[in-house]
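Residues 7 to 320 in this note's numbering are what the sequence shown spells out, letter by letter. All C-beta atoms in this analysis are idealised placements derived from N, C-alpha and C, irrespective of residue type, glycine included. Owing to the predicted nature of the structure, the values given are computational and were not obtained by experimental measurement. Everything on this sheet refers to the single structure shown next.
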Amino acid sequence: MAVKVYIDGQEGTTGLKILERFEGRNDIELLRIDEDKRKDPEERKKLIFASDYTFLCLPDTASREAVQLAQGSDTRIIDASTAHRTNPDWAYGFPELSAAFREKIEKSSRVAVPGCYASGFISIVYPLVASGVMPAFYPVFAYATSGYSGAGKKGIASYENPDKPKELYSPRQYALNMNHKHLPEMQKITGLAYKPMFNPIVDNYYSGMVVSVPIQSRLLQKKYTPEDVREVLYENYKDSNFIEVKPAGSECVPDGFLASNALSGTNKMEIYVFGDNEQMLLCSRLDNLGKGASGAAVQCLNIMMGIDETTGLI
7 MAVKVYIDGQ EGTTGLKILE RFEGRNDIEL LRIDEDKRKD PEERKKLIFA SDYTFLCLPD
67 TASREAVQLA QGSDTRIIDA STAHRTNPDW AYGFPELSAA FREKIEKSSR VAVPGCYASG
127 FISIVYPLVA SGVMPAFYPV FAYATSGYSG AGKKGIASYE NPDKPKELYS PRQYALNMNH
187 KHLPEMQKIT GLAYKPMFNP IVDNYYSGMV VSVPIQSRLL QKKYTPEDVR EVLYENYKDS
247 NFIEVKPAGS ECVPDGFLAS NALSGTNKME IYVFGDNEQM LLCSRLDNLG KGASGAAVQC
307 LNIMMGIDET TGLI
């Protein structure tokens, strides 16, 4: 019997991608809202109450309002906004981090899907802090390159305008006030004692990203080789369907370049360990619309349904 699913915000980038991933699935009955009622609270509430699962693909404020609308219903909510990612009452939707994360997703009626940058960052830092390789007080810095698909409808339109200004043909740094919206979850989920520094960069391509975390070995509490660090990451993800930890060293990038868009359209993530015994560069490559958004949301749905988590994703 098909479960009933409603996507609140089905016309946004993430909502549309979730719809794409449902194509061909006969275990889901999609509940659609009329175009002229997309912002009607009563109509949205009716569909939330009628659904078994509700996806929230909305701005933060609208997401919080939707949760209020859902009070008293039996629907299980999967929220793709930043509104609930640090709320301890919500499951954090990154099942590969540990058995405890996966179990909470399975049992919870409220799941917060990680942010795209946060997914890449946490995939690297969480296992290192949990294993003791990286002390919680380590002064973490991260930078990332991303396609423009995460910039919202207005941003996407700007990049796809044939008359766009020359600046949009160049990589552009942003969130220069050091208060990017993903920072709270990046710190909380990894267990870092201090907020990491984070430098995001948007570039003139559609989707895909690489999040990079440099490590100075002299700041760790003992010496680790790249192979040591790679082994910790590998052990954490060795049973994953979607995350692959590459061999340590630059040999796994034959041409010497790590492209940010190589995993676009997938729910895959690749983790790399470069460098030597003194300095290492850890990189996580993913699709910001896949494992960093819609793919992760569908993966959480599958786990909550108790079915193969790869359904509709490979």
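1. Using C-beta distances below 8 Å, list every residue in its chain close to residue 313, excluding the 5 sequence neighbours before and after it, in chain order.
2. In this structure, what does DSSP give as the bridge partners for residue 10?
3. If you drop the 5 nearest sequence neighbours on each side, which residues of the same chain put their C-beta closer than 6 Å to that of residue 188?
4. Please classify residue 278 as buried or exposed, where buried requires at least 16 neighbouring CB atoms within 10 angstroms.
5. With the cut-off set at 8 Å, would you say residue 291 and residue 268 are in Cβ contact?
6. Would you mind sorting residue 320 into buried or exposed? The rule is 16 or more other CB atoms within 10 Å of its CB.
7. So is residue 184 buried or exposed if we call it buried at 16+ other beta carbons inside 10 Å?
8. Please state if the CB of residue 206 and the CB of residue 150 are separated by a distance shorter than 8 Å.
9. How many angstroms separate the CA atom of residue 281 from the CA atom of residue 43?
10. Hey, which unbroken runs of the beta strand (DSSP E) at 3 residues or more fall wholly within the segment 223-296?
11. Please list, in chain order, all residues of the same chain as residue 5 whose beta carbon is under 8 Å from its beta carbon, the five residues on each side excluded.
12. Who pairs with residue 155 in a beta bridge, going by DSSP?
13. Could you check if residue 306 is buried or exposed, using at least 16 other CB atoms within 10 Å of its CB as the buried criterion?
14. Just checking: is the beta-carbon of residue 48 within a distance shorter than 8 Å of some beta-carbon in chain D?
15. Give the DSSP-derived three-state secondary structure of residue 47 in the structure shown.
16. Does DSSP put residue 202 in a helix, a strand or coil?
17. Counting only the same chain and skipping the five closest in sequence on each side, list residues whose C-beta sits under 6 Å from that of residue 119.
18. Under the rule that 16 or more other beta-carbon atoms within 10 Å means buried, what is residue 318, buried or exposed?
19. State the start and end residues of the unbroken beta strand (DSSP E) segment that holds residue 117.
20. By DSSP, does residue 179 sit in helix, in strand, or in coil?
21. Let's test the definition: count the other Cβ atoms within 10 Å of the Cβ of residue 180 and tell me whether it reaches 16, buried, or not, exposed.
22. To the nearest whole angstrom, what separates the beta carbons of residue 116 and residue 97, a pair I think is in contact under 8 Å?
23. If you compare alpha carbons, which of 203, 210, 157 and 300 is closest to residue 176?
24. CB-CB under 7 Å to residue 196, same chain, minus the five flanking residues each way: which ones, in chain order?
25. I'd like the list of long-range same chain contacts for residue 252, defined as Cβ closer than 7 Å, with 5 residues on each side in sequence excluded.
26. What is the residue span of the alpha helix (DSSP H) that residue 196 lies within?
27. Can you name the residues that DSSP bridges to residue 149?
28. Could you tell me which residues DSSP pairs with residue 174 in its beta bridges?
29. Could you say which of 88, 245 and 215 lies nearest to residue 104 if we only look at CA atoms?
30. Between which two residues does the alpha helix (DSSP H) containing residue 22 stretch?
Based on what the coordinates show:
1. 33
2. 35
3. 121, 123 and 124
4. buried
5. yes
6. exposed
7. exposed
8. yes
9. 54 Å
10. 249-251, 275-281 and 285-292
11. Limits of the chain in this structure are 7 at one end and 320 at the other, which puts residue 5 out of reach.
12. DSSP, once it has assigned bridges, lists no residue as partnering residue 155.
13. buried
14. In the structure shown, chain D does not exist; there is a single protein chain.
15. helix
16. coil
17. 86, 99, 302 and 303
18. buried
19. 116-118
20. strand
21. exposed
22. 7 Å
23. 210
24. 128, 131, 132 and 135
25. 258, 276, 277 and 278
26. 189-196
27. 205 and 218
28. For residue 174, which the question treats as bridged, DSSP gives no partner whatsoever.
29. 245
30. 19-27
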